Amino acid sequence: MDYQAVLDQVAAEVAPHVGRGQVASYIPALAAVDAGRFGMALADVDGTVTGIGDWQTPFSIQSISKAFALALVLAQDGESLWRRVGREPSGNPFNSLVQLEYENGIPRNPFINAGALVVTDRLQSLTGDASTTMLDFVRAQSGNPEISFDPAVASSESEHGDRNAALAYFMAAYGNLDNPVPTVLEHYFWQCSIEMSCRDLATAGAFLARHGLGADGSRLLSAREAKRINAVMLTCGTYDAAGDFAYRVGLPGKSGVGGGIVAVIPGRCTLAVWSPGLDAHGNSVAGVAALDAFTTLTGWSVF
Ligand code: DON
596 MDYQAVLDQV
606 AAEVAPHVGR
616 GQVASYIPAL
626 AAVDAGRFGM
636 ALADVDGTVT
646 GIGDWQTPFS
656 IQSISKAFAL
666 ALVLAQDGES
676 LWRRVGREPS
686 GNPFNSLVQL
696 EYENGIPRNP
706 FINAGALVVT
716 DRLQSLTGDA
726 STTMLDFVRA
736 QSGNPEISFD
746 PAVASSESEH
756 GDRNAALAYF
766 MAAYGNLDNP
776 VPTVLEHYFW
786 QCSIEMSCRD
796 LATAGAFLAR
806 HGLGADGSRL
816 LSAREAKRIN
826 AVMLTCGTYD
836 AAGDFAYRVG
846 LPGKSGVGGG
856 IVAVIPGRCT
866 LAVWSPGLDA
876 HGNSVAGVAA
886 LDAFTTLTGW
896 SVF
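Okay, so the sequence shown: first residue is 596 according to the working numbering, each after it adds one.
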């Protein structure tokens, strides 16, 4: 497969969508990003990386961090996490509070904000420093030691973090957080603020295409755990648009309000795409269109 030719064609098809949608503004530091950016990278399981457009420009990974957090916790802790968080799609927006009371403080899945706060809480208990553990992990897997937090984004989110605080305190009232709420929120905001490029994300997420094997060939996750993360990404990774994402793209995917999406073709490659304009569900408009075009052109999807 001539990856460069395929990505060129994807970029040409997607060009009319770039700039559509709204840049996230509920975290004010994200609102300054140019909506006209577009990049895409593909990391093959053999280590080859191919990119197009702004594929080497760092951006705020936001909720894509939730996939790394889940991998780190499953790697260290195994299946016990599932007593504290479910693995069903929520059918509600990523920051919704509504199901938590009906479901006794157990979030539907690890990719909505409530579920990610539980995963971060567990990672904090396991490591003593959840956000630095994640930063070290993505640096090692991508081979890029320059990856860093964006303190302006982390503090902007903290200043406007009442909704995540409400979710965390509500779960704490049900006994579903072990660490103090401010500690959990701080590590959650810092991990969301990590800045990575499409190149970094495709390579850092390659273990999900390699059935759990890391960049140096060492085993990060069992093949079964990697399969499970991909399954939860497919069903829950794009929130209340996961059905539409499966319909259009047909791959496990995890989006973030920075406009990034990571998608996995198990056994073949990991894709990362970035364009900041979001749809009403918080997913990149051009990013979803690019993945749709990619799987249509290549015929590579799980379906
Ligand atoms: O907690 C938040 O609201 C953000 N830090 C992350 C949300 C997000 O990226 C949702 N994804 N599309």
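Glycine included, every Cβ here is placed at the ideal spot set by N, Cα and C. Everything numeric in this text was worked out from a predicted model, so none of it was measured.
Just to confirm, does residue i get its C-beta within under 7 Å of one of the non-hydrogen atoms of ligand 1?
i, result
"residue 617", "no"
"residue 752", "yes"
"residue 744", "no"
"residue 658", "yes"
"residue 689", "yes"
"residue 851", "yes"
"residue 877", "yes"
"residue 787", "yes"
"residue 708", "yes"
"residue 759", "yes"
Inspect the beta-carbon positions of residue i and residue j and report whether they are closer than 8 Å.
i, j, result
"residue 622", "residue 855", "no"
"residue 766", "residue 700", "yes"
"residue 762", "residue 808", "no"
"residue 744", "residue 788", "yes"
"residue 756", "residue 780", "yes"
"residue 708", "residue 684", "no"
"residue 857", "residue 845", "no"
"residue 832", "residue 852", "no"
"residue 618", "residue 607", "no"
"residue 797", "residue 867", "yes"
"residue 644", "residue 794", "yes"
"residue 863", "residue 895", "yes"
"residue 601", "residue 870", "no"
"residue 776", "residue 760", "yes"
"residue 790", "residue 653", "yes"
"residue 786", "residue 735", "no"
"residue 888", "residue 693", "no"
"residue 828", "residue 662", "yes"
"residue 681", "residue 702", "yes"
Along the beta strand (DSSP E) that carries residue i, what are the first and last residues, could you check?
i, result
"residue 896", "That residue, residue 896, is in no beta strand (DSSP E); it is neither H nor E in DSSP."
"residue 850", "848-850"
"residue 866", "864-869"
"residue 859", "855-860"
Please check if any C-beta of chain D sits within less than 8 Å of the C-beta of residue i.
i, result
"residue 767", "Included in the structure is just one protein chain, with no chain D present."
Which residues mark the beginning and the end of the alpha helix (DSSP H) in which residue i is found?
i, result
"residue 606", "598-609"
"residue 781", "776-787"
"residue 792", "Here residue 792 belongs to no alpha helix (DSSP H), and DSSP marks it neither H nor E."
"residue 834", "No alpha helix (DSSP H) contains residue 834, which DSSP labels as neither H nor E."
"residue 733", "725-737"
"residue 758", "757-768"
"residue 619", "From DSSP, residue 619 is part of no alpha helix (DSSP H); its letter is neither H nor E."
"residue 752", "746-754"
Is there at least one non-hydrogen atom of ligand 3 closer than 7 Å to the beta-carbon of residue i?
i, result
"residue 852", "Looking at this structure, you won't find ligand 3 anywhere; what it does contain is ligand 1."
> Taking three-plus beta-carbon pairs below 8 Å as touching, is the stretch 623-641 in contact with the stretch 793-812?
Replying inline: yes
>> Quick check for students: name the residue ranges of the beta strand (DSSP E) that lie wholly in the stretch 678-709, counting only runs of 3 or more.
In response: Entirely contained in the stretch 678-709, not one beta strand (DSSP E) run reaches 3 residues.
> Which runs of the beta strand (DSSP E), 3 residues or longer, sit entirely within the stretch 632-672?
Replying inline: 634-639, 644-648
> Are at least three pairs of beta-carbons, each pair with one atom in the stretch 707-722 and one in the stretch 659-670, less than 8 Å apart?
Replying inline: yes
> Within the chosen definition, does the stretch 829-848 reach the stretch 874-883 through at least 3 CB pairs nearer than 8 Å?
Replying inline: yes
>> When you compare the stretch 646-658 with the stretch 629-637, are there three or more beta-carbon pairs, one atom per stretch, that lie closer than 8 Å?
In response: Contact holds: three or more Cβ-Cβ distances are below 8 Å.
>> I'd like the ranges of any alpha helix (DSSP H) spanning at least 4 consecutive residues and lying wholly in the stretch 798-822.
In response: List check, alpha helix (DSSP H) in window: 801-804.
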